[in-house]
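Read top to bottom, the protein sequences are chains S and B.
Per the numbering used here, the very first residue in the first sequence carries number 3; after that it's consecutive.
Per the numbering used here, the very first residue in the second sequence carries number 682; after that it's consecutive.
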Amino acid sequence: MTSTSPPTESKQDKRTDSSLGGLFKPIGGLFAALYRGIINVVDFVMHPLQDRLGVRGMAYVFVLPNLLIFGIFIVFPMLLNFYYAFTGGTRLFPQDRPFVGTENLETLFTCGNFFDPNTCRTDIFWRAVMNTGGYVVAQVIFLILLSLLSALSLNRKVVGRGFFRSAFFYPVLLSPVVVALIWKWILQQDGLLNGLIVALGGERVGFLLNAQWAQVWAVVISVWAQMGFYTLILLAGLQAIPAELYEAASIDGANLWQSFRRITLPLLMPTMFVVIVLSLIRAVQVFDQVFAFTGGGPGTATTYMVQFIYETGFSNQTNQYGLAAAASLVMAFFLLLLTAIQLRLGRRSDVT
Amino acid sequence: MRMVLDYLTNTRGRKRLSFSDALTYLYLLLGTLMMFGPIVWLVASSFKPQAELYRFPPRFFPYRQETVIVPGYDDPLDLYNVTMDDGTILQLAQVRRVGIEAQMVDPVTPGEIVRVNINQRTPVESVYFGLENYAEGVTRFNFWVYLRNSIVVTALATFLTLLINSMAAFALSKYQFRGKDSILLLTIGTLMVPLSVILIPVFLVITQIGWNNNLLGVIVPAAATPTGVFLLRQYMLTIPDELIDSARIDGASEWRIYLQIILPLARPALAVLAIFSIMWRWNDFLWPLVVLSRSELFTLQVGLNSFQGELNVQWNLILAMTVLTLLPITFVFAFLQRYITSGIATTGMK
């Protein structure tokens, strides 16, 4: 994460203002008057408070609403999650929940052989863990490779670059449910893809009825939906590489591959690093898109960790909040591990 | 041949289109096709009637069978091209079908019934973009209610996020106070805590407050975004302190400084955060799914997902409703795409 660069932003702001300004002038004037009124009212109400608390005290007033919501809905639940993980029963309120120690974690971790989910007491959880692992590896590799390829293409002097950039980005805006439905429609038995396959002389494939195919397509559609986002970040990284370096290299007789290998790749590493970390953390949390796409099936082929947490806690007839909280602790542990590796590697390569 | 190739690969008379340039264009064009193709297919399909949707292999454009009004018959009759026994092709309207035999009339001379085998006729069709799916979908799907909920959630949540994040960012960038560093550290530390990890306890908090099945339960919890605070603070650090000092000398209160000086100057950063907030909230799924269980409170995303799960709902309605759900965000993108793409490139967040 890097900060915004104010000069370019404000330039853009002016441009947008001038193009829309004429249209919105009367509304803008009304809005400005309204805004002045609001300032006066707030000023009138808050002045006595400032007289009492002083200028320093006002800082706490400014930070309070955000901190309050943050504390109640993020920090406090983080702590409470541990309590849930070590209590049992199906009641939601903490006072109704008996303390069971590590029973929930044991339920999750009782396995004859950790590599075979069938031997586990909570076999769906281990299937979800394994599915998530496979998904994360495949998705992140494809995502990064394709994003890099796209960013490199968009970084060349091409006609209509703005259009291509927007085209690659557009699916990022679509909601997970919409993405899932678009692809479900293409992949169904009588769908577009099967139509193309038959036209080319193949046999129809039940893409969402076959476990392996469903897993493949879960990866494909998420790469499709997210690629534009990482392409843009990588593109920004590429554009920050000074052009003189390439000129000097070509004077020295370097070919395209050599300048990619010796200039682009090393200088892109910091951006690449951000992209890898962001995409890894997002991939571990995979849920909504695939949930709307396959519902976790066929069988449990595309059931991932978050879906296990959601269904254990909310969707099944018995609300096993404790078990779900324990599972989310396991997931938090994975995420923590990823973040730690990131910090470690980041420090070593001196990029953060 | 060589000359033709030279001519085709010439770019504005200067340099020839190199092999790598050609590859780049090929990749970009294929990529554009891959990105837009599925959406174009969705939109084209959403106009097709039920029968056409299940036709295999599928056709791109939505077709409709031509009908004709024939004197002596109340309903419009379907029009067919019929190959007669002697090889001539006539355009006839079908009166009724009995087994493998179709009873047809000529629309011009409707008196005489012609009996033909059904294999001898093919329907006369024309491209037709019908709105029937949309009209029926909107009534079956409760579209306006979901749309209203989505707009309420997105608008209020974005307003709340901008307000409290900018207040906090102001305090964290322009004041020195005890506890400031811990708050900053806490904010950055929780950047990586996803909602899915704390789903159950947040649900408890919501239930305790009584915000279960209440849009407030969707709006408030995710309003204090660490990303937003961080982004706005970094931006506000670049606003010179002298502006604030001279305003204080003129007797302006701290709230007046915040509203009259800081907020207008931070507009570019606020715009970026607003766009992101709109995108996050419009597309949010997991949290509304947990909080809302009464269907009159569903947002578009939750509604669409439960709509596709209902047993007797047909694809033609689902497709039309999917198009309606993606339209608003597409319009936002079309108008603000410059802002969005540069915003992501510079802040690296989603």
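The beta carbon of each residue, even a glycine, is placed where N, CA and C say it ideally should be.
Quick caveat, the model's predicted, so the values are computed rather than measured.
{"query": "For Gly891 (chain B), would you say it is in contact with chain S, using Cβ-to-Cβ distances shorter than 8 Å as the test?", "result": "no"}
{"query": "What residue from S:Gln344, S:Ala329, S:Arg346, S:Thr341 has the CA that sits closest to Trp128 (chain S)'s CA?", "result": "S:Ala329"}
{"query": "Using a Cβ distance threshold of 8 Å, determine whether the segment 787-796 of chain B contacts the segment 729-747 of chain B, with at least three qualifying pairs required.", "result": "no"}
{"query": "Any beta-carbon of chain B closer than 8 Å to the one on Glu11 (chain S)?", "result": "For Glu11 (chain S), the predicted structure reports a pLDDT of 40, less than 50, and the residue's modelled location is therefore unreliable. A value from the coordinates is still provided. Closer than 8 Å: yes."}
{"query": "Per DSSP, what kind of secondary structure is Ser958 (chain B) in: helix, strand or coil?", "result": "helix"}
{"query": "Give me the DSSP bridge partner(s) of Phe101 (chain S).", "result": "S:Thr89"}
{"query": "Roughly how many whole angstroms lie between the Cα atoms of Val200 (chain S) and Ile720 (chain B)?", "result": "22 Å"}
{"query": "Taking just the CA atoms, how far does Ile283 (chain S) sit from Ala342 (chain S)?", "result": "12 Å"}
{"query": "Does the structure place the segment 819-826 of chain B close enough to the segment 905-919 of chain B that three or more beta carbon pairs sit under 8 Å?", "result": "no"}
{"query": "Just the C-alpha distance for Phe741 (chain B) and Arg802 (chain B), rounded to the nearest angstrom, thanks.", "result": "23 Å"}
{"query": "Once DSSP output is grouped into helix, strand and coil, what is the label at Pro50 (chain S)?", "result": "helix"}
{"query": "My output table needs one value for Ser261 (chain S): the three-state DSSP class, helix, strand or coil.", "result": "helix"}
{"query": "Among S:Leu270, S:Ala220, S:Arg163, which residue has its Cα nearest to the Cα of Gly712 (chain B)?", "result": "S:Arg163"}
{"query": "If you drop the 5 nearest sequence neighbours on each side, which residues of the same chain put their C-beta closer than 6 Å to that of Ala213 (chain S)?", "result": "Pro300, Ala303"}
{"query": "If the criterion is Cβ atoms closer than 8 Å, does the pair Phe78 (chain S) and Val886 (chain B) meet it?", "result": "yes"}
{"query": "Using the C-alpha atoms, what's the distance from Gln190 (chain S) back to Leu2 (chain S)?", "result": "Since the first residue shown for chain S is 3 and the last is 354, residue 2 (chain S) is missing from the structure and cannot be characterised."}
{"query": "Output needed for Gly73 (chain S): all residues of its chain with C-beta closer than 7 Å, excluding positions within five of it in sequence on either side, in chain order.", "result": "none"}
{"query": "So, does the CB of Ser281 (chain S) fall closer than 8 Å to a CB anywhere in chain B?", "result": "no"}
{"query": "Quick check on Gly315 (chain S): buried or exposed, where buried means 16 or more other Cβ atoms within 10 Å of its Cβ?", "result": "buried"}
{"query": "For Pro268 (chain S), report the span of its alpha helix (DSSP H) as first-last.", "result": "267-286"}
{"query": "Which class does Gln889 (chain B) belong to by DSSP, given the choice of helix, strand or coil?", "result": "helix"}
{"query": "Compare the Cα-Cα distances from Gly103 (chain S) to each of S:Ala87, S:Leu36, S:Phe117, S:Pro96 and report the closest residue.", "result": "S:Ala87"}
{"query": "Output yes if chain S places a C-beta closer than 8 Å to the C-beta of Ala905 (chain B); else output no.", "result": "yes"}
{"query": "Once you ignore the five residues that flank Thr121 (chain S) on each side, which residues in its own chain have a CB closer than 6 Å to its CB?", "result": "Cys113, Gly114, Asn115"}
{"query": "Whole angstroms are fine: how far does the CA of Met229 (chain S) sit from the CA of Ile243 (chain S)?", "result": "22 Å"}
{"query": "Tell whether a beta-carbon distance below 8 Å holds between Phe851 (chain B) and Ile943 (chain B).", "result": "yes"}
{"query": "Quick check: what's the CA-CA separation for Leu985 (chain B) versus Ala327 (chain S)?", "result": "28 Å"}
{"query": "Count the CB pairs spanning the segment 146-166 of chain S and the segment 220-238 of chain S that are closer than 8 Å, and state whether there are at least three.", "result": "yes"}
{"query": "Would DSSP call Asn814 (chain B) helix, strand or coil?", "result": "helix"}
{"query": "Residues bridged to Gln746 (chain B) by DSSP?", "result": "B:Glu806"}
{"query": "Would the segment 921-931 of chain B and the segment 995-1006 of chain B be scored as touching if the rule is three or more Cβ pairs under 8 Å?", "result": "no"}
{"query": "Does the contact criterion of 3 or more C-beta pairs under 8 Å hold for the segment 80-94 of chain S versus the segment 860-869 of chain B?", "result": "no"}
{"query": "Chain B partners of Asn83 (chain S), CB-CB under 8 Å?", "result": "Val878, Ile879, Ile881, Pro882"}
{"query": "Beta-carbon of Asn894 (chain B) versus every beta-carbon of chain S: anything under 8 Å?", "result": "no"}
{"query": "Using a Cβ-Cβ cutoff of 9 Å, what residues of the segment 67-78 of chain S are near chain B? List them in chain order.", "result": "Pro67, Asn68, Leu69, Leu70, Ile71, Phe72, Gly73, Ile74, Phe75, Ile76, Val77, Phe78"}
{"query": "If you follow the alpha helix (DSSP H) that Tyr939 (chain B) is part of, which residue opens it and which one closes it?", "result": "Careful: Tyr939 (chain B) lies outside any alpha helix (DSSP H) and carries neither H nor E."}
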